[in-house]
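Enquirer:
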Amino acid sequence: MEFVLIAIVGLLSGIVGALIGLGGGVILVPSMLFLGTAFTFFPELTPQKIVGLSVIMMIFTGLSSTLSYMKVKTVDYKSAFIFFIGSVPGTIIGAFVNKGLDLPSFNLYFGILLVFLSVLLLVRNRLKKVQWFVNNGRKIKFKDSMNQEYVYGYPVWAALLLTFAVGFASGLFGIGGGSIMVPAMILLFLFPPHVAVGTSMFMVFLSSIVNSITHMSLGNVPWIYTLAVVPGAYIGAKVGAALNKKLKSETLVAILRIALLLLGLRSIYEGLFSS
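FYI, our numbering numbers position 44 of the sequence shown as 246, with every residue one higher than the one before it.
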């Protein structure tokens with residue numbers, strides 16, 4: 203029964219992660235924490251094991267959705283590699299910091315992150331886009347399928363600093379980083395939304411390989427449960443990437459930010475009051 207539930211969580215993580223560029227870990231990690239405490243038959247894994255499972259999953263969600271976005275040419279490869287280079291040291295440091303967290307501490311800090319992400323999703327459309335980074339960095343032109351031209355860009359140093367912080371959060375909490383990167387790419391660097399999602403998922407794929415190697419070296423991967431998560435997540439990412447081309451994702455974003463807020467508040471409560 204637990205394998206079926208884990209596969210379903212993997213499927214949903216893949217769909218949501220690929221649809222709006224989150225990577226899927228932001229769904230998998232709180233879901234596994236919740237199921238482990240809510241059901242006696244479900245394995246109560248340590249935060250380190252859940253993060254290890256999440257980063258393995260994100261290799262496959264990242265690969266699956268990236269292949270789909272490559273076909274419609276919405277991946278900025280050069281930017282993705284720059285972002286990846288910035289994220290690598292942060293990912294490694296975050297994975298080692300994760301090693302020292304007990305469950306209450308993990309719940310508290312992860313809950314704060316989820317609440318922050320929920321608020322970010324709530325206000326991102328109300329925030330004014332920043333022109334400074336484009337005006338003071340490398341400019342990139344992109345023409346979409348409707349022949350509309352976009353100009354976006356960033357100073358390389360700003361991209362490296364941002365992705366170091368995103369990589370640290372990814373290594374520490376097992377999230378893909380897209381939940382932070384996509385809004386930042388759109389608001390700060392003026393990426394077209396579909397290019398932001400496609401590029402984010404390619405970065406998630408690359409950084410998850412490094413993240414996984416680090417967590418494997420620390421013994422954090424429960425390999426038996428990857429057999430349930432990986433197929434579900436891979437299929438889900440294909441579905442999510444296909445939906446991204448056809449749907450406006452605002453309805454899903456609205457549902458997601460409520461879910462993240464509730465999960466975050468619950469996680470903070472568990473972190474503060476669990477024995």
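No residue lacks a Cβ here, since even glycine has one placed at the ideal position from N, Cα and C.
1. Find out if the Cβ-Cβ distance for the pair residue 412, residue 294 is shorter than 9 angstroms.
2. Output yes or no for whether 9 angstroms exceeds the beta carbon distance between residue 229 and residue 434.
3. Quick one: give me the first and last residue of the alpha helix (DSSP H) that residue 415 is part of.
4. Do residue 219 and residue 466 have their CB atoms nearer than 9 angstroms?
5. Check residue 277 in the structure and name its three-state DSSP category.
6. Identify the continuous beta strand (DSSP E) that holds residue 355 and give its terminal residues.
7. Helix or strand or just coil, what does DSSP make of residue 440?
8. Note the first and the last residue of the continuous beta strand (DSSP E) segment covering residue 342.
9. Is the number of C-beta pairs between the stretch 265-276 and the stretch 238-257 that are closer than 8 angstroms three or more?
10. How many Å lie between residue 341 and residue 221 at the Cα?
11. Which residue wins for smallest C-alpha separation from residue 459, given the options 279, 252, 322, 285?
12. Report the rounded CA-to-CA distance for residue 316 versus residue 365, giving the unit in angstroms.
13. State the Cα-Cα distance for the pair residue 448 and residue 388, rounded to the nearest angstrom.
14. What would DSSP say about residue 302, mapped onto helix, strand or coil?
15. Going straight from the alpha carbon of residue 213 to that of residue 266, what length do you get?
16. Could you tell me if residue 304 is buried or exposed, where buried requires 16 or more neighbouring beta carbons within 10 angstroms of its beta carbon?
17. What is the rounded straight-line gap between the Cα of residue 277 and the Cα of residue 430?
18. Examine chain C for any beta-carbon lying closer than 9 angstroms to the beta-carbon of residue 276, and answer yes or no.
Expert: Looking at the coordinates:
1. In terms of Cβ geometry, residue 412 and residue 294 form a close pair [threshold 9 angstroms].
2. Their beta carbons are not under 9 angstroms apart, which means residue 229 does not touch residue 434 by this criterion.
3. 395-419
4. no
5. coil
6. DSSP places residue 355 inside the beta strand (DSSP E), whose first and last residues are 351-356.
7. DSSP places residue 440 in helix when its eight states are reduced to three.
8. 340-345
9. The answer is no - the stretch 238-257 does not touch the stretch 265-276, with fewer than three Cβ pairs under 8 angstroms.
10. In this structure, the alpha-carbon of residue 341 lies about 26 angstroms from that of residue 221.
11. 322
12. Distance from the CA of residue 316 to the CA of residue 365, rounded to the nearest whole angstrom, comes to 18 angstroms.
13. 20 angstroms
14. Collapsing the DSSP output to three states places residue 302 in coil.
15. Roughly 12 angstroms separates the two Cα atoms.
16. exposed
17. 29 angstroms
18. Within the model displayed, chain C is absent; a lone protein chain is all it includes.
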